[in-house]
Amino acid sequence: MEIIKLRETDEFIKLGQALKASGLAESGVEAKEIIQDGLVTVNGEIETRRGRKLYAGDIALFDGQEIKIEK
Numbered sequence: 075m076e077i078i079k080l081r082e083t084d085e086f087i088k089l090g091q092a093l094k095a096s097g098l099a100e101s102g103v104e105a106k107e108i109i110q111d112g113l114v115t116v117n118g119e120i121e122t123r124r125g126r127k128l129y130a131g132d133i134a135l136f137d138g139q140e141i142k143i144e145k
């Protein structure tokens, strides 16, 4: 499980940014394609919006890898 800690000034991180920050996508373009292809779930539901805001406690899943968002 990859844990992404939000900066104190941030309330959320966008899904595409989280995929890049966790190393599951090499670029924004790759993250966009992964998400648009319906390969990512957020809190158990398929998410196709790259701009989906992830808040502390959210869990994204791609290719068997979990990304947990923490404050």
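Be aware that the sequence shown starts at 75, since it is given in the numbering used here, and climbs by one per residue.
Virtual Cβ for every residue (Gly too), placed ideally from N, Cα, C.
Closer than 8 Å by C-beta to residue i: which residues in its own chain qualify, once you throw out the five before and the five after it? Chain order, please.
{"i": "residue 120", "result": "112, 114"}
{"i": "residue 137", "result": "98, 113"}
{"i": "residue 110", "result": "122, 124"}
{"i": "residue 87", "result": "78, 80, 95, 127, 128, 143"}
Quick one: Cα of residue i to Cα of residue j, how far?
{"i": "residue 131", "j": "residue 144", "result": "6 Å"}
{"i": "residue 90", "j": "residue 118", "result": "17 Å"}
{"i": "residue 102", "j": "residue 116", "result": "18 Å"}
{"i": "residue 140", "j": "residue 133", "result": "7 Å"}
Under 8 Å, do residue i and residue j count as touching if we go by C-beta distance?
{"i": "residue 82", "j": "residue 96", "result": "no"}
Quickly, what does DSSP pair residue i with across the bridge? List them, please.
{"i": "residue 24", "result": "Since the displayed the chain opens at 75 and closes at 145, residue 24 lies outside it and no answer follows."}
{"i": "residue 139", "result": "136"}
{"i": "residue 88", "result": "127"}
{"i": "residue 107", "result": "BP columns for residue 107 are empty, so no partner."}
Given residue i, which residues of its chain have a CB within under 7 Å of its CB, disregarding the five upstream and five downstream residues?
{"i": "residue 108", "result": "93, 99, 114, 136"}
{"i": "residue 85", "result": "129"}
{"i": "residue 106", "result": "90, 124"}
{"i": "residue 104", "result": "none"}
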